[in-house]
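Notes to accompany the following structure.
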Amino acid sequence: MSRTGALDDSEIQSEMNKMVAFISQEAREKAREIQVKADEEFAIEKAKIVRQESLAIDAQYEKKRKQAEVGWKIAQSTALNQSRLEVLRKRDENLQTLFEEANKQVTALADGKDYPAAMELLILEILLLLLSTDVNIVHRPKDEALVKSASDAALKQYKEMSGRESTIVFAADLADDSAGGVIGSAMVGRIKVDNTLSARLKILEEKMLPELREDLFGKNPNRKFYN
């Protein structure tokens with residue numbers, strides 16, 4: 119026989135318990151959903167922050183690496199330039215030493231047995247270059263006798279070679295402590311030939327400098343033309 123009418127207290131309590139249980143279950147499920155979503159969002163945000171920080175660190179590292187590379191290249195270039203300058207300085211010192219020694223030998227030539235023959239050739243060259251009937255020869259005072267004797271021989275050779283004659287006027291205006299040799303001029307000094315030993319050595323230095331550099335230091339790979 120079925121029962122009709124109002125629920126008694128126990129039944130009401132049972133229904134209430136069911137409702138509470140249902141609401142609690144719904145709340146727990148909702149809380150789990152919220153927690154899962156929060157965890158996912160946290161993980162995404164965390165990954166984003168980690169990625170940004172990683173990119174920032176990479177960028178900072180790359181910047182410092184490039185700065186270090188530039189600094190290293192500058193230091194290397196500076197060291198290389200200093201090394202090249204030092205090499206060039208040493209080369210110039212060696213060449214200057216060589217030329218100084220040559221100058222000493224030239225000075226010694228003026229006191230040697232070959233000086234008279236050299237003087238004759240120097241005067242003959244002046245005559246052949248000037249081709250003038252009147253020539254002035256400047257010499258050292260202590261070479262006066264030698265110059266006049268060498269001039270006589272040079273004038274004879276000049277006539278044989280050119281068929282011309284010339285008159286020489288002498289002037290002892292070179293310093294006795296100079297290297298020796300003579301200076302010739304014509305046409306009131308407008309044409310001049312410097313045949314002093316120091317001038318001839320200077321010409322020889324300029325002419326031989328490229329060859330001396332090559333002999334002493336090897337060929338220059340950057341040089342394209344040679345005299």
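Counting from 119, one number per residue, gives the positions in the sequence shown under the working numbering. Don't be surprised by glycine CBs; every beta carbon is placed ideally from N, CA and C. Since we're looking at a predicted model, the values are computed, not measured.
- Sheet register partners of L284 (DSSP bridge): Sequence index remark: in the sequence shown, residue 284 carries index 166 (1-based). A small correction: the amino acid at residue 284 is Ser; Leu does not occupy that position in the sequence shown. In the DSSP output, where bridge partners are listed per residue, S284 has none listed.
- Item | Beta-carbon gap between Y276 and L245 smaller than 8 Å | Walking along the sequence shown from the start, residue 276 turns up at place 158. Walking along the sequence shown from the start, residue 245 turns up at place 127. Closer than 8 Å, so yes.
- Query: Out of curiosity, what's the CA-to-CA distance linking A220 and A304?
  - Reply: Within the sequence shown, the letter at position 102 stands for residue 220. Within the sequence shown, the letter at position 186 stands for residue 304. About 30 Å.
- Item | Buried/exposed call for D261, threshold 16 Cβ in 10 Å | Translated into the one-based positions of the sequence shown, residue 261 becomes position 143. Classification of D261: buried, given that the 10 Å Cβ count is 16 or more.
- Query: Skipping 5 residues on each side, what residues in its chain have a beta carbon closer than 7 Å to that of A235?
  - Reply: For the purposes of this step, residue 235 is taken as residue 117 along the sequence shown, with counting starting at 1. Contacts found: none.
- Item | Cβ contact (3+ pairs, closer than 8 Å) linking the region 282-300 and the region 254-272 | yes
- Task: Give the straight-line distance between the Cα atoms of M134 and V154, rounded to the nearest whole angstrom.
- Result: By one-based count along the sequence shown, residue 134 stands at place 16. By one-based count along the sequence shown, residue 154 stands at place 36. When rounded, the distance between both Cα atoms is 30 Å.
- Message: Out of F217, A165, Q185, which one is the CA nearest neighbour of L322?
- Response: As a first step, residue 322 must be located in the sequence shown, where it is residue number 204. Ranking F217, A165, Q185 by Cα distance to L322 puts F217 first.
- Message: Applying the 10 Å Cβ sphere with the 16-neighbour rule, what's the burial state of N199?
- Response: Here residue 199 corresponds to residue number 81 of the sequence shown, with the count starting at 1. Exposed, because fewer than 16 other Cβ atoms sit within 10 Å of the Cβ of N199.
- Beta-carbon separation (whole angstroms), A272 vs I241, contact threshold 8 Å: Start at 1 with the first residue of the sequence shown, and residue 272 comes out as number 154. Start at 1 with the first residue of the sequence shown, and residue 241 comes out as number 123. That belief holds up - the Cβ atoms of A272 and I241 are roughly 4 Å apart, short of 8 Å.
- In the DSSP assignment, find the unbroken alpha helix (DSSP H) run with G230 in it and report its ends. Counted from its first residue, the sequence shown places residue 230 at position 112. First-last for G230: undefined, no H or E at that position.
- Query: Under 8 Å, do V253 and I301 count as touching if we go by C-beta distance?
  - Reply: Position 135 of the sequence shown, counted from the first residue, corresponds to residue 253. Position 183 of the sequence shown, counted from the first residue, corresponds to residue 301. No, these two residues do not count as a Cβ contact at 8 Å.
- Task: Take K266 as the anchor and find which of G281, L239, S280 has the nearest alpha-carbon.
- Result: As a working note, residue 266 is residue 148 in the sequence shown. Among G281, L239, S280, the Cα nearest to that of K266 belongs to L239.
- Query: Of the residues G307, D210, V205, R207, which one's Cα is nearest the Cα of L248?
  - Reply: Start at 1 with the first residue of the sequence shown, and residue 248 comes out as number 130. Among G307, D210, V205, R207, the Cα nearest to that of L248 belongs to G307.
- For D289, does the three-state DSSP call read helix, strand or coil? One-based indexing of the sequence shown puts residue 289 at position 171. One point to set straight first is that residue 289 is Ala, not Asp, in the sequence displayed. Strand.
- Starting from the Cα of I255, find the closest Cα among P328, E204, S284, E129 and give me that residue. Reading the sequence shown from its first residue, position 137 is the one you call residue 255. Ranking P328, E204, S284, E129 by Cα distance to I255 puts S284 first.
- V224 to L203, Cα distance in whole Å? Translated into the one-based positions of the sequence shown, residue 224 becomes position 106. Translated into the one-based positions of the sequence shown, residue 203 becomes position 85. Their backbone Cα atoms lie some 31 Å apart in a straight line.
- Would you grab the beta carbon distance between G298 and Y233 for me? Rounded to a whole angstrom, and I think it's under 8 Å. As a working note, residue 298 is residue 180 in the sequence shown. As a working note, residue 233 is residue 115 in the sequence shown. The pair is a contact, with the Cβ atoms about 7 Å apart (cut-off 8 Å).
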